[in-house]
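Residue numbers (our numbering), protein chains in the order written: chain A, 3 to 102; chain E, 74 to 203.
In structure tokens:
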């Protein structure tokens, strides 16, 4: 399963809801405002940092870039992907669940 | 497109799970998700519904949205059985967090622990969450 999360962890609980149900080994792609969850040194960093061993985390690099962020600010264990990488994930993981 | 020998193509039946996570009247998501459920049922798909997080409030008894001139689509959940949709699950943790029990719901539900809900999600061909 590929889980898509697109809401900021500072405003919404979508990422926590996803983590509560995602089976270990699942892929989780942080996109749109959820890219803020991928950053080091925030009050919400532990959400992802505490789960990088259980899941394969990805962050959509173009969504970082438009927000003035880049891969150097991202937590260890979170892999930046471009749109092509996003497409590859949807194929590799077959089922996609979007945590709106 | 017409099939070469004029026999209709066989319907592919997939396992669909509609995950409801939002309370019913503050946004349009719950109603839209319910519309999608009915469409999938009409196409004779293997439809499952799950209610978790604030989505459990969608099936609360005694809703009176008409008092605010809103559509009372909670009645439609009761009609799902007529569409052959009978696989309806609620998450135990979500209902307990909100002080609810299955007696509070307008339809019969199967209560699943969070782990079993995860397993249900993994067993699907298509998962649509709103």
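For glycine and all other residues, C-beta sits at the position ideal for the given N, C-alpha and C.
Just the chain A side, please: which residues come within less than 8 angstroms of residue 198 of chain E by C-beta, in chain order?
Residues of chain A passing the Cβ test: 97.
For the beta strand (DSSP E) containing residue 44 of chain A, list its first residue and its last residue.
No beta strand (DSSP E) holds residue 44 of chain A; DSSP gives it neither H nor E.
Where residue 58 of chain A sits in the DSSP three-state scheme:
Strand at residue 58 of chain A.
Closest by CA to residue 11 of chain A, which one among A:47, A:88, A:76, A:74?
Selected option, being the one with the closest Cα: A:47.
Using C-beta distances below 8 angstroms, list every residue in its chain close to residue 115 of chain E, excluding the 5 sequence neighbours before and after it, in chain order.
The answer, listed in chain order, is 156.
Classification of residue 128 of chain E by the beta-carbon crowding that lies within 10 angstroms, buried from 16 upward:
Result: buried.
Beta-ladder partner(s) of residue 81 of chain A, from DSSP:
Looking at the DSSP assignment, residue 81 of chain A forms a beta bridge with A:60.
Minimum Cβ-Cβ distance from residue 100 of chain A to chain E less than 7 angstroms:
Judged by the 7 angstroms Cβ criterion, residue 100 of chain A is in contact with chain E.
If the cut is a Cβ gap below 7 angstroms, which residues of chain E does residue 22 of chain A touch?
Chain-order list of chain E residues neighbouring residue 22 of chain A: 187, by C-beta distance under 7 angstroms.
How is residue 16 of chain A classed by DSSP in three states: helix, strand or coil?
The three-state secondary structure of residue 16 of chain A, taken from DSSP, is helix.
Environment of residue 74 of chain A [buried if 16+ CB atoms lie within 10 Å]:
So residue 74 of chain A counts as exposed.
Please say whether residue 3 of chain A and residue 97 of chain A have beta carbons closer to each other than 7 angstroms?
Going by beta carbons, residue 97 of chain A and residue 3 of chain A fall inside the 7 angstroms limit.
If residue 7 of chain A and residue 40 of chain A are in contact, beta carbons under 8 angstroms, what's the gap, nearest whole angstrom?
By a beta-carbon distance limit of 8 angstroms, residue 7 of chain A does not contact residue 40 of chain A. Their separation comes to about 10 angstroms.
Could you check how far apart the C-beta atoms of residue 187 of chain E and residue 169 of chain E are, in whole angstroms? I think they sit under 8 angstroms.
Incorrect: roughly 11 angstroms between the Cβ atoms, too far for contact.
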